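Protein chains in written order, with my numbering: chain G, 2 to 221; chain U, 235 to 491.
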Amino acid sequence: MNEMKKSTVAVIDYGMGNLHSVAKALEHVADDNTTVIVTSDPAVIDAADRVLLPGVGAIRDCIGEMHNAGLVPSIRKAMAEKPFLAICVGIQSLMTHSEENGGVDCLNHFKGNALFFGENHKDHDGSKLKVPHMGWNQVKHTINHPLWADIPDNARFYFVHSFYVVPENKNEVAGTCDYGLTFCVALARDNVFAVQFHPEKSHKDGLQLYKNFLHWDGKP
Amino acid sequence: MGLAKRIIPCLDVDNGRVVKGVQFVDIRDAGDPVEVAKRYNEQGADEITFLDITASSDDRATTVHMVEAIASQVFIPLTVGGGIRTCEDIRRMLNAGADKVGINTAAVFNPEFVREAAQRFGSQCIVVAIDAKKVSAEGEPDKWEIFTHGGRKPTGLDAVEWAKKMVAYGAGEILLTSMDRDGTKNGFDLGITRAISEAVHVPVIASGGVGNLDHLVDGVIKGKADAVLAASIFHFGEYSIQQAKQRMTDAGIEMRL
């Protein structure tokens, strides 16, 4: 009977723009028993089996809209009890603080900060690097995790960001990338996983990560 | 190991069909945009750009439906340009599934629009498209100027200064097209590509003039472009995206293979 069980995944909509691609990518890899719901309703988030927190735009607006829409209690509740995935600005919103927009306090699920690459970001050899970090870069797995299943180490994912996260607890780092410096692009603790890149824009490896998320029981 | 340079096939779309390009009098039909986009996605394109050249704004609804159809099936970044004049135009394209929009003429006539768009939607989705032509004579220091209306109308704006201004206003990326080279198959204008890429801190996409795979290599190595855009060499099966990526890899450029 277990395989007949219906499952829902809530994509949190806090008014920060386009969630079309995220929802379509999840639907693309979901089986017939999985329903993808784009929602701003705390009750729907509370009832969902798993939750995805997307993020786009600037951090001050993101955090502000989460508070304005009354979503923060549901986000915290979901992070305490069920499979939870945050992407792009979503990972930054889970840190203690971001230096974007003159400094913004975030949700503090992971201790640490989001820092700016800077407009004079340099490669290891001193040559100029463009900011934002935009395009396909390699992600190194620093731990084994169910969300990395069937994704080759150093596979390329699509990034577009100017801020990067620096967690205090290095044991929470699940993946890194190199762009002038080696920095954290994936965080994992218990039932929460967060990535800086956009799986929904990262072709087959990105779709595989979403598929892994839909099959994840929330255990590391 | 690091960030890969990008290859971006560009689809000029008129009334829901891919056409060869705005610079060509003899426009050849190159197929259904959804099918073409899927083919490039399978070949390993790093992004896809659509340039809507539909004359009538009434027909733009066709473009919205096309973007929706493609975004449901193709999971790589999509940029839509052409006819983007208001924040409402941007919102409509982003909601349809575009990741970025290209702003061209509207930026020239109203630079504040770029600032407003970047503040509202984030710099990451604002690509400012620049159409430049060389205006310096032989022997003079190089100078390029911004042109509008498909390269017919000069604006008096210096291209490098304009690019810097657009980045200061919030452009997250520059799509640079040489109007001297567009449609010629003689290769990018490497001088202006390099001048702008070195002058700004955001990525620059080189466009206009690609006739063979070595032109793509030159755009990155000599022009310092972060991405290269081409249309006709891919549309009619002359080269595949894989062939282009292999040639660039052989030339020592880091690519996503």
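The beta carbon of each residue, even a glycine, is placed where N, CA and C say it ideally should be. This structure is a prediction, so every number in the text was calculated from the model and none was measured.
{"Item": "Within 10 angstroms of its Cβ, does U/Asp484 collect 16 or more other Cβ (buried), or is it exposed?", "Value": "exposed"}
{"Item": "Mind checking U/Leu447: buried by the 16 CB within 10 Å criterion, or exposed?", "Value": "buried"}
{"Item": "Mind pulling the chain G residues with CB within less than 7 Å of U/His435?", "Value": "Glu120, Lys131 and Val132"}
{"Item": "I need the DSSP call for G/Met135, collapsed to helix, strand or coil.", "Value": "strand"}
{"Item": "Could you tell me whether the Cβ of U/Phe343 comes closer than 8 Å to any Cβ of chain G?", "Value": "no"}
{"Item": "Which residue's Cα is closest to the Cα of G/Glu169: G/His125, G/Lys220 and G/Asn114?", "Value": "G/Asn114"}
{"Item": "Between the region 397 to 418 of chain U and chain G, which residues of the former have CB atoms less than 8 Å from a CB of the latter, in chain order?", "Value": "Gly406 and Glu407"}
{"Item": "Go to U/Pro243, then tell me how far its beta strand (DSSP E) extends in each direction, as first and last residue.", "Value": "Arg240 to Asp248"}
{"Item": "Let me make sure I understand the geometry here. Which of U/Phe422, U/Pro345 and U/Ala295 has the alpha-carbon closest to that of U/Asp323?", "Value": "U/Ala295"}
{"Item": "Does G/Gln93 pass the burial test, meaning 16 or more other C-beta atoms within 10 Å, or should it be called exposed?", "Value": "buried"}
{"Item": "Around the Cβ of U/Phe258, are there at least 16 other Cβ atoms within 10 angstroms (buried) or fewer (exposed)?", "Value": "Note that U/Phe258 scores a pLDDT of 45, beneath 50, so its modelled location is shaky and nothing firm can be said."}
{"Item": "Grab me the residues of U/Ile304's own chain with a C-beta within less than 6 Å of its C-beta, minus the 5 sequence neighbours each way, in chain order.", "Value": "Val268 and Ala271"}
{"Item": "If you measure from the CB of G/Leu130, is any heavy atom of the ligand NAP nearer than 7 Å?", "Value": "For the ligand NAP, the structure offers nothing, since it holds no ligand at all."}
{"Item": "Could you pull the DSSP bridge partners for U/Glu407 from this structure?", "Value": "U/Val361"}
{"Item": "Please state whether DSSP places U/Asn420 in a helix, a strand or coil.", "Value": "coil"}
{"Item": "Buried or exposed for G/His110, going by 16 or more other Cβ atoms inside 10 Å?", "Value": "buried"}
{"Item": "At what residues does the beta strand (DSSP E) containing G/Ile46 begin and finish?", "Value": "Segment Pro43 to Ala48 is the alpha helix (DSSP H) holding G/Ile46; no beta strand (DSSP E) there."}
{"Item": "Near G/Thr177, which residues of its chain fall below 7 Å by C-beta distance, leaving aside the five closest residues on each side in sequence?", "Value": "Lys141, Thr143, Thr183, Phe184, Cys185 and Val186"}
{"Item": "Who are the Cβ neighbours of G/Gly219 in its own chain at under 7 Å, not counting the five residues just before and after it?", "Value": "Lys83, Pro84 and Asn192"}
{"Item": "If you drop the 5 nearest sequence neighbours on each side, which residues of the same chain put their C-beta closer than 7 Å to that of U/Arg354?", "Value": "Cys321"}
{"Item": "G/Asp151 touches chain U at which residues, Cβ-Cβ below 7 Å?", "Value": "Within chain U, no residue comes near G/Asp151; the closest Cβ sits about 16 Å away, beyond 7 Å."}
{"Item": "Can you give, in chain order, each stretch of the beta strand (DSSP E) that sits fully within the region 128 to 199 of chain G and has at least 3 residues?", "Value": "134 to 142, 156 to 162, 164 to 168, 174 to 179, 183 to 190 and 193 to 196"}
{"Item": "Confirm, please, whether the CB-CB distance from G/Glu201 to G/Val23 is below 8 Å.", "Value": "yes"}
{"Item": "Just verifying my parser: in three-state terms, what is the DSSP assignment at G/Pro84?", "Value": "coil"}
{"Item": "May I ask you to list, following chain order, the residues of the region 290 to 312 of chain U that have a beta carbon less than 7 Å from some beta carbon of chain G?", "Value": "Ala305, Ser306, Phe309, Ile310 and Pro311"}
{"Item": "Taking Cβ-Cβ distances shorter than 7 Å, what residues in chain U pair up with G/Gly202?", "Value": "Checking the displayed sequence, the identity of residue 202 of chain G turns out to be Lys instead of Gly. Here the neighbours are Phe309, Ile310, Pro311 and Asp333."}
{"Item": "Under the rule that 16 or more other beta-carbon atoms within 10 Å means buried, what is U/Thr297, buried or exposed?", "Value": "buried"}
{"Item": "U/Phe284: which of U/Asn249, U/Glu276 and U/Gly278 sits nearest, CA to CA?", "Value": "U/Asn249"}
{"Item": "Quick one, which residues of the region 447 to 465 of chain U are near chain G if we go by CB-CB under 8 Å, in chain order?", "Value": "Asp460 and Ala461"}
{"Item": "For G/Asn122, collect the residues of the same chain with a Cβ closer than 7 Å to its Cβ; drop the 5 residues on either side in sequence, then sort them by chain order.", "Value": "According to the sequence displayed, residue 122 of chain G carries His and not Asn. Cβ neighbours of G/His122 beyond the five flanking positions: Leu130, Val132 and Gly181."}
{"Item": "G/Asp206 CB to nearest chain U CB: under 8 Å?", "Value": "no"}
{"Item": "With a Cβ-Cβ cutoff of 8 Å, do G/Arg157 and U/Ala238 count as a contact?", "Value": "yes"}
{"Item": "Does U/Trp396 come out as helix, strand or coil in the three-state DSSP assignment?", "Value": "helix"}
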